[in-house]
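With the first letter of the sequence shown counted as 1, position 39 gets the number 41 in the numbering used here; the numbers rise by one all the way through.
Ideal Cβ placement from N, Cα and C applies to all residues, glycine included.
Inspection log for the structure reproduced underneath, given as structure tokens.
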Amino acid sequence: MKVRIGLHSGEVIKEGEDFFGRNVIMAARVASQARGGEILASGVVKALVAGSDITWGELRTVELKGLSGDHEIWAVEWDSQQS
């Protein structure tokens, strides 16, 4: 099984055990752009971890459903076996 992972960071609304808001939607939309076995991160996440040892792959500029404008998302290179 290969999962798709999308990373984003920001304030959320919490009600009970549920989370809501634009940033939750953004994370879900970033994940929806990933292929199986792929991790994608928003530009916000990339900026937050600047200077770390994370290796970044391809930049994609995409439209995300329900969010206006174009958004930059980055592939995270996590598996040395990926081609």
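Which one or two residues does DSSP pair with V64 in a beta bridge?
Counting from 1 along the sequence shown, the entry for residue 64 is found at position 62. DSSP lists H73 as partners of V64.
Figure out for me which residue from S70, A43 and V47 has the closest Cα to the Cα of W76.
The count along the sequence shown starts at 1 and reaches residue 76 at position 74. It is A43.
Between V51, D20, S34 and V47, which has its C-alpha nearest L66's C-alpha?
For the purposes of this step, residue 66 is taken as the residue at position 64 of the sequence shown. Measuring from the Cα of L66, the nearest candidate turns out to be S34.
Helix, strand or coil at S44 [DSSP, three-state]:
As a working mapping, residue 44 is identified with position 42 in the sequence shown. Strand.
Which same chain residues end up closer than 8 Å to G68 when comparing Cβ atoms and leaving out the 5 residues on each side of it in sequence?
Here residue 68 corresponds to residue number 66 of the sequence shown, with the count starting at 1. Answer for G68: I27 and R31, listed in chain order.
I need the straight-line Cα distance from D55 to R62, nearest angstrom please.
Here residue 55 refers to the residue found at position 53 when the sequence shown is read from its first residue. Here residue 62 refers to the residue found at position 60 when the sequence shown is read from its first residue. Looking at the two C-alpha atoms, the distance is approximately 21 Å.
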